[in-house]
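For the record, the sequence lines run as chains A and B.
The opening position of the first sequence corresponds to residue 128 in this note's numbering, with each subsequent residue numbered one higher.
The opening position of the second sequence corresponds to residue 261 in this note's numbering, with each subsequent residue numbered one higher.
Cβ atoms here follow ideal geometry from the backbone N, Cα and C, with glycine treated the same way.
Note that this is a predicted model, so its numbers are computed, not measured.
Beneath this line is the structure, given in structure tokens, with notes to follow.
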Amino acid sequence: MFSFSKVDLYKYRKAKETQDVIDLKFPSEISKGKRLEKLVFVVDDNPAYLKILTQDLSKSEIIAKSSDTSLTLKIKPFATGEECLKHLNHNPDVIILDYVLNDYITDAKDGFSIFKEIKEINPNQQVVMLSGQQNPDIIVESLNAGITDYIVKDNDAVQHLKDTLAEKL
Amino acid sequence: MAYQVFQPAQIVALFEGSPSGLKEVLDSILDSSKNSVPQMRVYYEAQDFDSLRHKAHYLKSTFNYVVPDEFVILLKKIHTDAENKTNLDKLERDLHQVETDTATLISEIESFIKQKAL
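Okay, structure coming up:
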């Protein structure tokens, strides 16, 4: 069901009067129901990968599986877990965390330590681990510790991540 | 090398309408290329396979959107061999290939930046 705001109605009437081109926007929230903005923190110490992932997710349109709601992702990138922790009061809907966070910044805390600190502050915080670590012991340990999902950084990682966000958000 | 190293189509599409964003990410890739590949050589010479593995993985993530699959597979092979300490006799050859391809990648990205006046 379409619903027009007063401004839309005014524009529509003016356009009818002047036989002008009707410049009303019919964004996807109208055709697909509600559109919600979700705040997503992305933590990765690889600057190129962080920029690319931020851009990729920002441009993505994700449909939440549970509610068929269109989601717009507002991405906040962080190069370290420590920076992410300082911003937890912004209440992100989900945090995407790299397991290894000290390749580039060698004195930074690793992703698993950051994950544990996040859980101490907010036990309900959803955290997805996105990592090149394929060691089964690490994956099992992370999942047992309460990680929402563990995604291995391979060629399908970003699509897998979008599927997880669609499922969990 | 039987393939073109720098393949910009995907990243250009991703940063469409944001030339400054594209420039930033290409600069990051250049920076990583210039630093990480020489470090891999140092780790190889020192037989520090754990650090070599980390660096191969790091470059794999960095290059994923801008190089052909063959290059990513080569980095993955180094990562696996360094992790399992297998095929060590082939590591030198593979590392040399990475050095050669990365030098080409750097040159092609720098030309692209100039050509597009980014």
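In chain order, what residues of the segment 174-191 of chain A put their CB closer than 8 Å to some CB of chain B?
P174, A175, Y176, K178, I179, Q182, D183, K186
Cβ neighbours of S288/B in the same chain (closer than 8 Å, five flanking residues each side left out)
Walking along the second sequence from the start, residue 288/B turns up at place 28. The answer, listed in chain order, is T322.
Thinking I245/A and L212/A are a contact (beta carbons under 8 Å), I'd like their distance in whole angstroms, please.
Numbered from 1 along the first sequence, position 118 holds the residue referred to as residue 245/A. Numbered from 1 along the first sequence, position 85 holds the residue referred to as residue 212/A. I245/A to L212/A, Cβ: 7 Å. Contact.
With a threshold of 8 Å between beta-carbons, can L348/B be considered close to chain A, or not?
To locate residue 348/B, count along the second sequence from 1; it is residue 88. Answer no: the Cβ-Cβ gap between L348/B and chain A never drops below 8 Å.
If you scan the segment 201-268 of chain A from start to end, which runs of the beta strand (DSSP E) of 3 or more residues do you find wholly inside it?
221-224, 254-258
Through-space distance from L257/A to N251/A, alpha-carbon basis:
Working through the first sequence from its first residue, we reach residue 251/A at position 124. Working through the first sequence from its first residue, we reach residue 257/A at position 130. So the two alpha carbons sit approximately 19 Å from each other.
Per DSSP, which one or two residues make a beta bridge with R353/B?
Residue mapping note: residue 353/B aligns to position 93 of the second sequence, counting from 1. DSSP, once it has assigned bridges, lists no residue as partnering R353/B.
If you measure from the beta carbon of G238/A to each beta carbon in chain B, is any gap under 8 Å?
Indexing the first sequence from 1 puts residue 238/A at position 111. So no, G238/A is outside the interface.
Boundaries (first-last residue) of the beta strand (DSSP E) holding Y318/B
Position 58 of the second sequence, counting from 1, holds the residue named residue 318/B. Element bounds for Y318/B: not the beta strand (DSSP E) but the alpha helix (DSSP H), 309-323.
So Q260/A and G281/B are in contact, right, with Cβ under 8 Å, and what is the actual spacing, rounded?
Position 133 of the first sequence, counting from 1, holds the residue named residue 260/A. Position 21 of the second sequence, counting from 1, holds the residue named residue 281/B. Contact doesn't hold; Cβ gap of about 28 Å is too wide.
Of the listed residues L270/A, E164/A, G273/A, A191/A, nearest to L296/A (C-alpha basis):
Taking the first residue of the first sequence as position 1, residue 296/A is located at position 169. Measuring from the Cα of L296/A, the nearest candidate turns out to be A191/A.
So, at 6 Å on beta carbons, what are the nonlocal neighbours of I266/A in its own chain, with the 5 sequence-adjacent residues on each side left out?
Here residue 266/A corresponds to residue number 139 of the first sequence, with the count starting at 1. Excluding positions up to five away in sequence, the list reads Y277.
Does the segment 286-296 of chain A come close enough to the segment 323-336 of chain B to have 3 or more Cβ pairs within less than 8 Å?
no
Should N262/A be labelled buried (16 or more other beta-carbon atoms within 10 Å of its own) or exposed?
Start at 1 with the first residue of the first sequence, and residue 262/A comes out as number 135. The residue is exposed, with fewer than 16 neighbouring Cβ atoms inside 10 Å.
Under DSSP, the alpha helix (DSSP H) around D287/B begins and ends at which residues?
Position 27 of the second sequence, counting from 1, holds the residue named residue 287/B. Counting along the chain, the alpha helix (DSSP H) containing D287/B begins and ends at 279-305.
Hey, would you say V255/A sits closer than 8 Å to F242/A, going by beta carbons?
Taking the first sequence and counting its residues from 1, one reaches residue 255/A at position 128. Taking the first sequence and counting its residues from 1, one reaches residue 242/A at position 115. Pairing V255/A with F242/A gives a Cβ-Cβ distance that is not under 8 Å.
Do L228/A and V170/A come within 8 Å of each other at the CB atom, strictly closer than that value?
Locating residue 170/A in the first sequence gives position 43, counting from the first residue. Locating residue 228/A in the first sequence gives position 101, counting from the first residue. Against a cut-off of 8 Å, the Cβ pair of L228/A and V170/A comes out as a contact.
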